[in-house]
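Asks:
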Amino acid sequence: MKIEIDKRGRKLYKFSHSVHQGGYFYCHKTDNNEEIKNKEGLRNALKAISIKYKLIDVTIKIYDKTFFFFFMMKPSVKPMELIETLHKNIDSFAKWDKDYLYNTVYDLQEIYLRKDLEKLGLEYEKG
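Below you can see the structure in the form of structure tokens.
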């Protein structure tokens, strides 16, 4: 895999069989406004998942009641397997809402992430 920058300054991920731009994000909030108990432990768990699945360009944002997990993944990674692993590994840090957000983003650079999340009605800085 090779990373190149296009003429607009956005990253292109060139795999042997395909080219991708952008990435994915996973967002989960706690149930009943419960606070996340151990933010550093949650960050370490998410980092371990990113290593296990060899995720690329990972960004983790953890707030009191919500976290965002941004990444690019190789085409061989199965999204449902990744989501199930996330659910299994974050369980001890809070009681989580049954709903979560998993979607694609046009660009993993923070300025573009903010715009994409605002379109979905999320306030990036407030969590």
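Okay, so the sequence shown: first residue is 0 according to numbering that gives the first Met the number 0, each after it adds one.
Every residue, glycine too, gets a C-beta built ideally from N, C-alpha and C.
This structure is a prediction, so every number in the text was calculated from the model and none was measured.
1. Quick one: what's got a C-beta closer than 7 Å to N88's C-beta in the same chain, skipping five residues either side?
2. Starting from M71, trace the alpha helix (DSSP H) in both directions and tell me its first and last residue.
3. The beta strand (DSSP E) spanning L41 covers which residue range?
4. With which residues is H27 paired in a DSSP beta bridge?
5. If we ignore side chains and look at the alpha-carbon of each, how far apart do L140 and K6 end up?
6. Give the single residue among N102, T65, K46 and K36 whose Cα lies nearest to the Cα of I55.
7. What is the DSSP secondary structure of I61, counted as helix, strand or coil?
8. Let me know the secondary structure DSSP gives E117 once reduced to three states.
9. Tell me, please, whether the stretch 90-100 touches the stretch 70-78 by the rule of three or more beta-carbon pairs shorter than 8 Å.
Replies: According to the data block:
1. Stepping through the sequence shown from its first residue, residue 88 is reached at position 89. So the list reads A44 and I48, once near-sequence residues are dropped.
2. To locate residue 71, count along the sequence shown from 1; it is residue 72. First-last for M71: T65 to M71, but that is the beta strand (DSSP E), not the alpha helix (DSSP H).
3. For the purposes of this step, residue 41 is identified with residue 42 of the sequence shown, where counting begins at 1. Counting along the chain, L41 falls outside any beta strand (DSSP E), though it belongs to the alpha helix (DSSP H) covering K38 to K51.
4. Here residue 27 corresponds to residue number 28 of the sequence shown, with the count starting at 1. DSSP lists F66 and Y99 as partners of H27.
5. Given a span of 0 to 126 for the chain in the structure shown, any question on residue 140 remains unanswerable.
6. For the purposes of this step, residue 55 is taken as the residue at position 56 of the sequence shown. Selected option, being the one with the closest Cα: K46.
7. Counting from 1 along the sequence shown, the entry for residue 61 is found at position 62. In this structure, I61 counts as strand in the three-state DSSP scheme.
8. For this step, residue 117 is matched to residue 118 along the sequence shown. Residue state, collapsed to three classes: helix.
9. no
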